[in-house]
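For reference, the structure is listed below as structure tokens.
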Amino acid sequence: MSEIKLLALDLDGTLLDSHSRVTKENADAVRLAQQAGVQVVLCTGRNLTEMRAFNAQLDVSADWAVITNGAAVMRFSDGMQIAYDGLDRAMCASVRAICAEFGIDLCLYTADRLYYGRDFLRFLEELRRRGRVTLNEAAEGYEFVPDAAGWDDVLAREDGRVVKAILHHLDPREIDKITRTLERTGLFELTPSIMYGGELKNVEINRKGVHKGGALERLAKHLGFGMDAVMAIGDSDNDLTMLQMAGLGVAMANAAPNIRAAADAVTLDNTSNGVAAAVKQFILEG
């Protein structure tokens with residue numbers, strides 16, 4: 001294995017514990033990795049506004065941000081952007097038409113805002129009913145869109161800035177149908193989120209070819225080295241490409257079996273400071 005120069009960390013289910021917090025042990029490990037000369041990139045399906053809140057929980061800021069499953073890569077220190085691959089007007093129109101076909105609302109990310117409708121609220125309510133900690137949809141950066149006219153306005157105002165869509169339905173069978181319909185367009189990279197053993201699902205939508213692995217490859221090239229010098233840690237389907245493409249892919253113990261099988265190593269789960277354990281094993285003591 002080559003010397004690790006870049007550490008890529010997923011957030012939910014990986015760096016964050018079950019209360020969506022960065023533990024002291026994980027924060028210490030990230031700081032020590034940086035002191036050892038390793039750059040740190042946070043890689044998430046979330047947007048930059050949400051990521052900044054979690055980055056602030058670290059002792060020292062991460063160096064880079066890969067947001068919305070790889071649609072954009074930015075440097076934390078000055079906001080410099082080295083990649084931006086969003087959904088264009090025609091792609092947004094295609095997703096919106098499929099939403100209309102299935103009678104659901106859009107949910108769209110820009111780098112700094114999340115626009116959502118009633119289906120997203122219903123999904124959050126169900127997650128909370130099951131005891132899961134969720135975001136505060138009334139916080140700054142989140143905007144409820146009540147009707148078709150509202151979506152007309154959002155899509156006109158944010159044309160060229162949409163980086164990801166995510167569709168919600170309380171019936172996982174409907175999400176499966178929606179996903180198959182999206183696949184037939186040939187336009188999108190689709191990542192399902194499967195919760196509670198398949199009792200709940202949603203599907204994340206990026207431009208075709210956009211994923212975390214590709215974003216990390218572009219970042220590594222920008223920094224002057226290859227993917228063999230990248231260590232990636234993650235737990236879910238949207239982490240699969242970066243675990244497969246990194247020189248060292250580490251799955252969390254709480255990851256699904258297919259994610260663990262695709263990784264080079266498995267660390268502890270996210271409630272047992274798995275990130276800290278992996279950093280210690282492969283960077284600090286490696």
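Heads up: the sequence shown begins at 1 in our numbering, then just goes up one per residue.
The beta-carbon is built from N, C-alpha and C at its ideal position, and this holds for glycine as well.
Closest by C-alpha distance to residue 261, out of 139, 94, 275, 250, is 250.
Per the DSSP secondary-structure output, residue 252 pairs with nothing in a beta bridge. By the C-beta density criterion, residue 68 is buried, having at least 16 other C-beta atoms within 10 angstroms. Given a length threshold of 4 residues, each whole run of the alpha helix (DSSP H) inside the stretch 202–260 is given here in chain order: 212–223, 240–245.
Residue 59 and residue 270 do not touch by the CB rule: their CB atoms are close to 19 Å apart, not below 8 Å.
When DSSP states are grouped into helix, strand and coil, residue 146 belongs to the coil group. The Cβ-Cβ distance between residue 123 and residue 105 does not fall below 8 Å. Collapsing the DSSP output to three states places residue 164 in a strand. Residue 126 and residue 170 do touch by the CB rule: their CB atoms are close to 6 Å apart, below 8 Å. Shown here, residue 91 sits in a helix according to DSSP, grouped into three states. Of all C-beta pairs linking the stretch 132–150 to the stretch 169–189, fewer than three are shorter than 8 Å, placing the two stretches out of contact.
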